[in-house]
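Note sheet for the following structure.
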Amino acid sequence: MAADYVSPFDERVRAAEPLAPRPASISGRRVMLLDIRKNRGAEFLDRIETLLQAAGAATARTTKEIFSKPAALALIGDITGQADLVVEALAD
Amino acid sequence: MTESDLSRVGAPLPAPALSVRGLGPAEVTVADLTAGGGALLLFVSEECPTSAMALRRLGPLCGAWQEAGLTATAVFEDPLEVAVRVARRLGWQAGVAAEDPPYRTSRAYRLVSVPTAVLVDRGGTIAGTVTGWDHAALVALIGRAGALLGAELAIPEATEPRLKPGCSSKAAIDPELAAAISVQAGTDDVEEMFERGWTDGLPVVPPTPDRVEAMLGSCDGRVSLGPVPPDMGEATLERVAACAVLAGCRPAYFPVVVAAAQAALDPAFNLHGQAVTTQPAGQLVVVNGPVREAIGLNSGMGALGPGFRANLTIGRALRLLVTLTGGGMPGRLDRATQGQMGKVGFCVAENEEVSPWEPLHVERGFRAGQSVVTLIGSDAPLSISDHRSRTPEDLAWILAWAAASAWSTNWWPLEEPSVFVICPEHAAMFRAAGWTKQQLRRFMFDAVHKPAAELRRGETTPFVHAAGPAAQVPKWASPESIVLIVAGGEAGRYSAVLGPCTGMGSQIVSREVGSPWPLTT
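Respectively, the protein sequence lines represent chains F and B. If you read the first sequence in the working numbering, its first letter stands for residue 139, the second for the next number, and so on. If you read the second sequence in the working numbering, its first letter stands for residue 456, the second for the next number, and so on.
This is the structure we're talking about:
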């Protein structure tokens, strides 16, 4: 049936965000570890941080307001200004 | 599946003509698609996970291919509206076309399964095909395209899985069966809604322009209430009205639906978290004020159940807005482990007329004569029978302890609200005793405490771990975490409690209905 209907969808076509280029090595890179405040996420990041430092990365930590909301633009701005790479941890 | 080079089977095969619909008014032809040097047709279907994977992996490469002369087109065995939506969601950055039953194009290309990639050269000859997801074969096919064009074309990353079989092409289904399956969709507009995916799983009312216009009334359909999480589709009033039509609302309900949407889209409600969580939380809509009677909302017998159009369709309209406009489709961006039926829609009107207390909206700062919608992130209701209590203290104790396992048995204290729906007979006992709402709330809060030691089993809170073993831990962080409303019929002693949506920072949000109205630019 070719009836005309009003779509409940937002039909605008949005281009997918391209993935950032992957670094050949993490040695010497600044890596931000983002704790999203999910239960025990910090423990997971502790371990990741140890491994990253052993691989020669310089690490720093930051946190999101709450895991269930998108990160604030200001936080994203801070991360991109202070780090080459970011690791976001999910745990429970 | 592997590459099946049709050109090796005898003479090169000409690419059959296309019988598809594209986005523009012009006919989609092989000659047009190959005009730049070559064409890649990717046959796919919405239901097929391998098709989705192919679209997601190849989509980002299409722009560079196009610059080199290779025009990619995803040919969906689905309605065009579905094709456009799926392509957008999966990041497919090239052409989209759709074919209807009986899938003549798929048949002409001898499809057995989707996805199938078909490379067509400038002369309109099939230069190779790959069926299913086969990374090595696709790299070879793209390499062949590059050789035809004299260019080096980008190839997909070699990520796992490198091999994944596809799903049966609709063209491969027995024609009689295909006809039997498609006959409904071809003649029945309600079935067409299912085909388009414009549903929550139940039949919907097709949103024809006339119905949507009637729903909008004097409102301007271009007015936006903002982006709807989680996929941030824009909630124009036209789309809100389309959802209200789909849900089965009468136009008279529309101001309530709009107020519910406005409340749900308030950042303080954190719909984003609620829409995607593994929790079962739904969005409870509580309606107060004169609008209840004006549009026939039931606050009496069966207030939490079926039977009343306004209650059932208003809640459903909001959920359809989240599911369709917002993209929070169960099993996709909605990751609820089990969900609950309240996520179909849950709208409750408070029975203010039999309540001994100020109604919810007055508690929240509105005047009694205002019509107000209040949104609360809530779990499913648990019914609480109490036919035997003879004192308000006993009844309050029974009600309060019924909620002791809300969220999780030993998760104490709860910051987020538990909503108690008090039935009229229970409310009458508190009225007779002269209890205020605040007294009842305080009594319930004080009643439900346990020593921390008894709560240290299985999942519990950091608060319990930090407390001394004998410390008395309350079920709720404060009396304000207990929300009290009155609803239900005059006979029967069944109240209910709805546990919270936790960990989201979701606050209760209220909006006045129809203020202002109509909404115009």
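Ideal Cβ positions, reconstructed from N, Cα and C, are used throughout, including at glycine.
**Message:** Please identify, using Cβ separations under 8 angstroms, the residues of the stretch 173–184 of chain F that lie next to chain B, in order along the chain.
**Reply:** Listed in sequence order: no entries.
**Prompt:** Taking just the CA atoms, how far does Gly969 (chain B) sit from Ser810 (chain B)?
**Reply:** Approximately 25 angstroms between the Cα atoms of the pair.
**Item:** chain F residues whose Cβ lies nearer than 7 angstroms to that of Met959 (chain B)
**Value:** Ser206, listed in chain order.
**Asked** Ends of the beta strand (DSSP E) at His904 (chain B)?
**Response** Its beta strand (DSSP E) spans residues His904 to Pro906.
**Asked** Less than 8 angstroms separating the beta-carbons of Gly770 (chain B) and Gln825 (chain B)?
**Response** Note that the C-beta distance between Gly770 (chain B) and Gln825 (chain B) is not below 8 angstroms.
**Prompt:** According to DSSP, is Ala640 (chain B) helix, strand or coil?
**Reply:** The pLDDT assigned to Ala640 (chain B) is 46, lower than 50, so where the model puts this residue is not dependable; a value taken from the coordinates is nonetheless given after this. It is helical.
**Request:** Say whether chain F places a C-beta atom closer than 8 angstroms to the C-beta of Cys704 (chain B).
**Result:** Chain F places no beta carbon closer than 8 angstroms to that of Cys704 (chain B), leaving this residue out of the contacts.
**Message:** So, with DSSP's three-state summary, where would you put Ile628 (chain B)?
**Reply:** Ile628 (chain B) falls in the coil class under three-state DSSP.
**Prompt:** CB-CB under 6 angstroms to Cys517 (chain B), same chain, minus the five flanking residues each way: which ones, in chain order?
**Reply:** Only Ala527, Gln548 and Ala549 meet the Cβ criterion.
**Request:** Output yes or no for whether 8 angstroms exceeds the beta carbon distance between Ser833 (chain B) and Val874 (chain B).
**Result:** At a Cβ-Cβ threshold of 8 angstroms, Ser833 (chain B) and Val874 (chain B) count as neighbours.
**Message:** Please return the same chain residues whose Cβ sits closer than 7 angstroms to the Cβ of Glu226 (chain F), not counting the five positions on each side in sequence.
**Reply:** Excluding positions up to five away in sequence, the list reads Leu172 and Ile174.
**Message:** Check whether chain F comes within 8 angstroms of Leu468 (chain B), counting only Cβ atoms and requiring the distance to be less than that.
**Reply:** No, no contact with chain F.
**Request:** Sort B:Asp629, B:Trp653 and B:Asp487 by Cα distance to Pro557 (chain B) and report the nearest one.
**Result:** Residue B:Asp629 is the option with its Cα nearest to Pro557 (chain B).
**Asked** In angstroms, rounded to a whole number, what distance separates the CA positions of Phe898 (chain B) and Glu848 (chain B)?
**Response** Using only the alpha carbons, I get a separation of about 8 angstroms.
**Asked** Does the separation of the CB atoms of Trp856 (chain B) and Thr916 (chain B) fall below 8 angstroms?
**Response** Contact: no.
**Item:** Residue-level contact to chain F via CB, Leu473 (chain B), 8 angstroms cutoff
**Value:** No, Leu473 (chain B) does not count as interfacial toward chain F.
**Request:** Write down every uninterrupted run of the alpha helix (DSSP H) in the stretch 496–549 of chain B whose length is 4 residues or greater and which is fully enclosed by it, in chain order.
**Result:** Whole alpha helix (DSSP H) segments, 4+ residues: 504–513, 517–523 and 535–545.
**Asked** Thinking C-alpha only, which one of B:Trp852, B:Ala772 and B:Gly751 is nearest Glu805 (chain B)?
**Response** The candidate whose alpha carbon is nearest that of Glu805 (chain B) is B:Gly751.
**Request:** For the alpha helix (DSSP H) holding Gln729 (chain B), just list the boundary residues, first then last.
**Result:** Bounds of the alpha helix (DSSP H) holding Gln729 (chain B) are Leu726 to Val731.
**Asked** Is it true that the stretch 584–592 of chain B meets the stretch 615–622 of chain B, where meeting means three or more beta-carbon pairs spaced less than 8 angstroms apart?
**Response** At 8 angstroms Cβ cutoff, the stretches touch.
**Prompt:** What number of angstroms, rounded off, separates the C-alpha of Asp222 (chain F) from the C-alpha of Glu187 (chain F)?
**Reply:** The alpha-carbon separation between Asp222 (chain F) and Glu187 (chain F) amounts to approximately 15 angstroms.
**Three-state secondary structure assigned by DSSP to Arg160 (chain F)** = Three-state result, Arg160 (chain F): coil.
**Message:** Is there a Cβ of chain B sitting closer than 8 angstroms to that of Ala158 (chain F), yes or no?
**Reply:** Chain B contact via Cβ: absent.
**Message:** Please list, in chain order, the chain F residues whose beta carbon lies closer than 9 angstroms to that of Leu779 (chain B).
**Reply:** In chain order: Ser145, Pro146 and Phe147.
**Request:** For Asn865 (chain B), count neighbouring C-beta atoms within 10 Å of its own C-beta (all shown protein chains included) and say buried if the count is 16 or more, exposed if not.
**Result:** Classification for Asn865 (chain B): buried.
**Item:** Cβ contact (3+ pairs, closer than 8 angstroms) linking the stretch 724–743 of chain B and the stretch 792–804 of chain B
**Value:** A contact between stretches requires three or more CB pairs, one per stretch, nearer than 8 angstroms, and the stretch 724–743 of chain B meets this requirement with the stretch 792–804 of chain B.
**Item:** Host beta strand (DSSP E) of Glu226 (chain F) (start-end)
**Value:** Leu223 to Ala227 is the extent of the beta strand (DSSP E) around Glu226 (chain F).
**Message:** Under 8 angstroms, Cβ to Cβ, is there at least one residue of chain F near Thr732 (chain B)?
**Reply:** Chain F, which has a Cβ nearer than 8 angstroms to the Cβ of Thr732 (chain B), makes this yes.
**Message:** Taking the alpha-carbon of Leu604 (chain B) as reference, which of B:Glu818, B:Asp789 and B:Ala519 has the nearest alpha-carbon?
**Reply:** Selection B:Glu818, B:Asp789 and B:Ala519 evaluated against Leu604 (chain B) yields B:Ala519 as nearest (Cα-Cα).
**Message:** Under 8 angstroms: do the stretch 163–171 of chain F and the stretch 698–712 of chain B share three or more Cβ pairs, one atom per stretch?
**Reply:** The answer is no - the stretch 698–712 of chain B does not touch the stretch 163–171 of chain F, with fewer than three Cβ pairs under 8 angstroms.
**Prompt:** Out of B:Phe900, B:Ala749 and B:Ala902, which has the shortest C-alpha to C-alpha gap to Val711 (chain B)?
**Reply:** Residue B:Ala749 holds the alpha-carbon nearest to the alpha-carbon of Val711 (chain B) among B:Phe900, B:Ala749 and B:Ala902.
**Message:** According to DSSP, is Trp890 (chain B) part of a helix, a strand, or is it coil?
**Reply:** Coil at Trp890 (chain B), not helix or strand.
**Request:** Quickly, what does DSSP pair Glu748 (chain B) with across the bridge? List them, please.
**Result:** For Glu748 (chain B), DSSP assigns no beta-bridge partner whatsoever.
**Asked** For a contact meaning CB atoms closer than 9 angstroms, what does Thr560 (chain B) contact in chain F?
**Response** The premise fails here: Thr560 (chain B) is roughly 18 angstroms from chain F at the closest Cβ pair, so nothing lies under 9 angstroms.
**Message:** For a quick check, are the C-beta atoms of Pro906 (chain B) and Ala926 (chain B) less than 8 angstroms apart?
**Reply:** Ala926 (chain B) sits close to Pro906 (chain B), with the two beta carbons spaced by under 8 angstroms.
**The beta strand (DSSP E) enclosing Cys802 (chain B), as first and last residue numbers** = Under the DSSP assignment, Cys802 (chain B) falls in the beta strand (DSSP E) whose first and last residues are Phe801 to Ala804.
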